[in-house]
Amino acid sequence: MEILCPSCRSRIPADDLNVSTDIALCRACDKPFRISEAVGTAPADPQLLASPPSGAWFDPLPDGFHAGASTRSWMALFIVPFTCVWSGGSLFGIYGTQIVHGHFNMGMSLFGLPFLFGSMFLISWCLMSVAGSVRITRHGDQLSIFTGVGPIGWTRQFAWSDFKSVRELSQWNINNWNRQGQFIVLEGKRRVTFGSMLSTGQRYFLVNALRSALSGMTPSPIYSGSGPLR
Numbered sequence: 002m003e004i005l006c007p008s009c010r011s012r013i014p015a016d017d018l019n020v021s022t023d024i025a026l027c028r029a030c031d032k033p034f035r036i037s038e039a040v041g042t043a044p045a046d047p048q049l050l051a052s053p054p055s056g057a058w059f060d061p062l063p064d065g066f067h068a069g070a071s072t073r074s075w076m077a078l079f080i081v082p083f084t085c086v087w088s089g090g091s092l093f094g095i096y097g098t099q100i101v102h103g104h105f106n107m108g109m110s111l112f113g114l115p116f117l118f119g120s121m122f123l124i125s126w127c128l129m130s131v132a133g134s135v136r137i138t139r140h141g142d143q144l145s146i147f148t149g150v151g152p153i154g155w156t157r158q159f160a161w162s163d164f165k166s167v168r169e170l171s172q173w174n175i176n177n178w179n180r181q182g183q184f185i186v187l188e189g190k191r192r193v194t195f196g197s198m199l200s201t202g203q204r205y206f207l208v209n210a211l212r213s214a215l216s217g218m219t220p221s222p223i224y225s226g227s228g229p230l231r
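If you read the sequence shown in our numbering, its first letter stands for residue 2, the second for the next number, and so on.
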């Protein structure tokens, strides 16, 4: 079987494939990747959509589908208190004291910008961990991918016909070959990644849903999930 690098599409010789660990190394771009990702993988099975993992759903539509998964995570039990202490303490110490004393300090305010941006990131992470979701909607040739909390978030619009394949992709640290993150990747005329905060089971479920739709398999309502969490 010929294995191609997911990044540069170079052919990988057998000596650079380690099937037992599911790892291959592309010497052309010097990046490791999972062999199972490059194989592309198992054919779509629309019957799997009948049993969505916790927090995931799939609903067929007359001209497409609506699918998604919650990004709620037990990580919120750690990240929320940490954000309250770290962000609250740093921001109050830098900006709160200026407000209390009614005196603006330019140097201190500039010094606090990294803490402000870091707090914004942490707060976004908290919200996604508590009540976030990823939602995919297709109507005909219109595809939208939403990531956010309730109605507030980032929506990207694409043409469904631009995509030909979908897979799960991992980012690796080449120094120690540790996996650092996983994404869902839609590829064709363009390349779109999303779903880094989803669980492994949720990503697998959505990859199968997208692969079923791309292959022309239209699940009947019997395969519908339970719908998004309210």
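C-beta: ideal position from N, C-alpha, C; glycine also.
- In the DSSP annotation of this structure, G196 is not part of any beta strand (DSSP E), being labelled neither H nor E.
- If you compare the alpha carbons of V101, R10 and S134 with that of R204, the shortest gap goes to S134.
- When only Cα atoms are considered, T148 and M198 end up about 10 Å apart.
- At the C-beta level, A68 and A210 come within 7 Å of one another.
- Here L92 has G113, F116, L117 and S120 as same chain residues with Cβ atoms under 8 Å from its own Cβ, once five neighbours each way along the sequence are excluded.
- Around the beta carbon of L111, fewer than 16 other beta carbons sit within 10 angstroms, so the residue counts as exposed.
- Remark: three or more beta-carbon pairs, one from each stretch, lie closer than 8 Å, so the segment 126–142 and the segment 67–81 are flagged as touching.
- Of the other Cβ atoms in all chains shown, fewer than 16 fall within 10 Å of the Cβ of A51; this residue is therefore exposed.
- In this structure, the beta-carbon distance from P53 to F206 falls below 7 Å.
- Counting the other CB atoms within 10 Å of its CB gives R192 a total below 16, which places it among the exposed residues.
- For G90, the enclosing alpha helix (DSSP H) begins and ends at A77 to L92.
- Taking the Cα of F122 as reference, the smallest distance to any Cα among S216, V81 and A15 is reached at V81.
- Straight through space, the alpha carbons of G108 and K190 are spaced by roughly 48 Å.
- Taking C-beta atoms under 8 Å as the contact rule, V208 and I185 qualify, at a distance of about 6 Å.
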